[in-house]
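Working notes, structure below.
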Amino acid sequence: MSKQSSPISHETLSGKPARWMAGMPALVFGGLAFLVAVYGQWILPAQLPTRYASVAEQLQVKYQQIRQRGETADIEQLQRVAGEIDVVYSRLTALENGNPARYWQWAKFQDEHAQFLRQSLASPSGSLSEAARDELQTQARSFDEKARNVIEQLSVGESEFKSQAILWSLRGQYENGIAGTGIPNAAALATQVEHLLASEIEGIDSEPNRLLVLQLAMESIWDAYESGTDAASANSGTLQEPSPAGTKPELLDQAKLLAERRARIQSVWETYQRLAPQHPEAKVQWQSVAAMLYALGAEGAVAPEATLPANVRSLVASKEQSWQERLAEIELACVTGEWEAVAYTLSRQDTNNNVAVRAGAARTICRLAASELATVNSEWLEKYPVGLNFAWQIGANLPEFPQLMWEAAIELSGGSAAPLVLSPGVADAIAGSSSNTLKHTLLAFARALNDEFEVSRSHLELLHRAAGNLTMVARIALTYDRLHVLPTPEMDRQIETLLQQSTQIDAQDGAAWLALGVIQLRESQATAAVASLTEAQQLLGKVPVVEQYLKVATEASRTAADQ
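Just remember that our numbering sits 57 ahead of the position in the sequence shown, which is counted from 1.
Printed below as a string of structure tokens:
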């Protein structure tokens, strides 16, 4: 009898009893993993933007609370919170797929924080260590750069913030130009802002933006001599590659230059009348524009008050005053000849730490040498060298100062050819001033241009005693090399002789050796230029401009030797 097969029981093939309950944890874990994946892939991303937005809002409340403590605010704590806000915005913009409104909020915060850090650096009551100041300056620059990058993205994209971003960018270009070496395309920028004002976009046609048009237009007045020439190099503050052998810059027609400048001044005055608010005299920036236009001879412009209005003086003590208001305050004082007020404002720590204010003030003082104040106000002219001495102290590195001094030297020596075109009497006022630095610098050049080299050397020695160096002589010589005048072999020889005297008096002045080498290169004295530029290289180091000229001189010397 065959065995009857038994049915399959709940046993494993190995004969061990099956345990269904033992598999339950794996099933549960798998289910939980699935739920986590669903949450992480669909639910969490939808919730994260709201959470980050809430965190950003809470951190900004905390940030404002710290700031409201004023002078007692914990700067280190504020920096930490600002860093956290920056990180949150970075993640939030990524989660929201580049929401323009969020980018705009982010840029505004970055700009606000950078401004607060600069105000903290400028505070007279601040007691920051040098290391802490360096850290604050670094962070302010970092937040400035981040804000600019965000704004650049918004200005090229298509969103409701595009026009505002473009205006923000233009304001940045204006500030950088004032702090640097000027704004060569100011007229085009002013036109761009005017087009935006006419676009009827909500919030664009505001007073600050109308003022920006005027500020850019004012800068465009000084571009008048650049039409059809390569004068940008003359205003760049840096040396350009030497012109090809045998070429000379063109001599500018002074009459044409002055006519074009007067036309621009009158055009800016008409723009002022069109854009000024109902009571422009109540606001310092509008007052300064009107005062400068009056000084430059705009028909219809009214002379400013003899002394600064009380409401303007009250701003001097304001920590919250913007750099534009501070500069406008200085401009008003320059036009009215209140040099003590200028000195006081420039001495303030918040002004000392603002490059745009200092550079703008120096540039304004130099430009007023070409104004009509000197011809209509003898008292202003007499005191003008006091203001020019401030320009020496705070803006000698700008192109306007050595350009002014060169033109004054040309005038004293009996010549005439310059784009600034000084008002009559300015050169004599500088030569007769009590400032030894100004007087001896000017007279050294003027006497050299008249071949009075013994007298020029005496003035160089007196200048070296007064200033401690002769660097300004080199700056003016380099300005001569860049300006669009028609140099002659005679003038090249005179400047070379003056620079040789300068290097004899102070052989450690690298700038003098550089200027001497540049002039010698102009005169086709390649071997002598190599020697002078090598001295400059040893004293100044491997500065790009020195390396550039030394390379040109070396090649010219080799070419001459092969012939």
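All C-beta atoms, glycine included, are put in the ideal place defined by N, C-alpha and C.
Bear in mind that the values here come from a model prediction, so they are computed numbers and not experimental data.
Straight-line gap, residue i to residue j (C-alpha atoms, nearest Å)
i, j, result
"Glu388", "Glu382", "10 Å"
"Trp279", "Glu509", "34 Å"
"Ala222", "Ile467", "46 Å"
"Val250", "Asn266", "7 Å"
"Gly567", "Trp380", "35 Å"
"Gln272", "Leu174", "26 Å"
"Asn434", "Arg532", "31 Å"
"Ala572", "Met548", "14 Å"
"Ser256", "Gln335", "22 Å"
"Pro241", "Gln620", "42 Å"
"Thr195", "Ser614", "45 Å"
"Ile261", "Thr421", "29 Å"
"Glu215", "Val575", "49 Å"
"Val346", "Arg405", "23 Å"
"Ala320", "Gly239", "20 Å"
"Ala188", "Asn454", "27 Å"
"Ala585", "Gln557", "12 Å"
"Thr616", "Lys599", "24 Å"
"Ser480", "Gln311", "13 Å"
"Leu246", "Gly229", "12 Å"
"Trp163", "Ile235", "26 Å"
"Ala524", "Leu332", "45 Å"
"Thr328", "Val587", "52 Å"
Local Cβ density within 10 Å of residue i, reported as buried at 16 or more and exposed below that
i, result
"Pro7", "Because the chain in this structure spans residues 58 to 620, residue 7 falls outside the shown range and cannot be described."
"Ala291", "Confidence is the limiting factor: at Ala291 the pLDDT is only 32, short of 50, which leaves the residue's position unreliable, though a coordinate-based value still follows. The residue is buried, with at least 16 neighbouring Cβ atoms inside 10 Å."
"His252", "exposed"
"Asn154", "exposed"
"Ala618", "exposed"
"Pro456", "buried"
"Pro601", "exposed"
"Ile258", "exposed"
"Asp168", "buried"
"Glu592", "buried"
"Tyr96", "In this predicted model, Tyr96 has a pLDDT of only 43, less than 50, meaning its place in the structure is not dependable; the value taken from the coordinates is given anyway. It is exposed - the Cβ of Tyr96 has fewer than 16 other Cβ atoms within 10 Å."
"Leu204", "Per the sequence shown, residue 204 should be read as Ala rather than Leu. Per the 10 Å Cβ criterion, buried."
"Arg159", "buried"
"Ser513", "buried"
"Gln125", "exposed"
"Thr545", "exposed"
Cutoff 7 Å; reference residue i; Cβ partners in own chain excluding five residues on either side
i, result
"Trp449", "Phe458, Thr494, Leu495"
"Tyr537", "Trp463, Ile552"
"Leu527", "Leu517, Leu520, His521, Ser559, Ile562, Asp563, Asp566, Ala569"
"Gln136", "Gln196"
"Gly444", "Cys391, Trp396, Val399, Ile422"
"Gln594", "Val603, Leu607"
"Ile123", "Ala130, Asp131, Gln134, Leu135, Val138"
"Ser589", "Trp570, Leu573, Gly574, Gln577"
"Arg148", "Tyr109"
Contacts around residue i, its chain only, beta-carbon distance under 8 Å, and the 5 residues preceding and following it disregarded
i, result
"Tyr351", "Ala358, Val359, Ala360, Pro361, Val392"
"Ser491", "Pro442"
"Ser400", "For clarity, residue 400 is Ala in the given sequence; the question names Ser instead. So the list reads Phe447, once near-sequence residues are dropped."
"Leu116", "Val138, Glu141, Ile142, Val145"
"Ser226", "Arg205, Ile208, Glu209, Ser212"
8 Å contact criterion, which residue i and residue j should meet: CB distance rounded
i, j, result
"Phe218", "Leu211", "5 Å"
"Leu632", "Ser470", "Any answer about residue 632 is impossible in this case: the structure gives the chain only from 58 up to 620."
"Gln323", "Glu356", "6 Å"
"Leu499", "Ala486", "Not a contact, Cβ separation roughly 10 Å."
"Val325", "Met275", "6 Å"
"Gly394", "Trp437", "4 Å"
Spatial neighbours of residue i in its chain, beta-carbon cut-off 6 Å, leaving aside the 5 residues before and after
i, result
"Val483", "Ala426, Ala431"
"Leu384", "Val414, Gly417"
"Leu353", "Ile322, Ser428"
"Val112", "Val145"
"Trp161", "Phe218"
"Val341", "Val369, Glu382, Ala385, Glu386"
"Pro337", "Trp343"
"Phe502", "Ala466"
Cutoff 7 Å: residue i Cβ touching any chain C Cβ
i, result
"Ala110", "In the structure shown, chain C cannot be found, because there is only a single protein chain."
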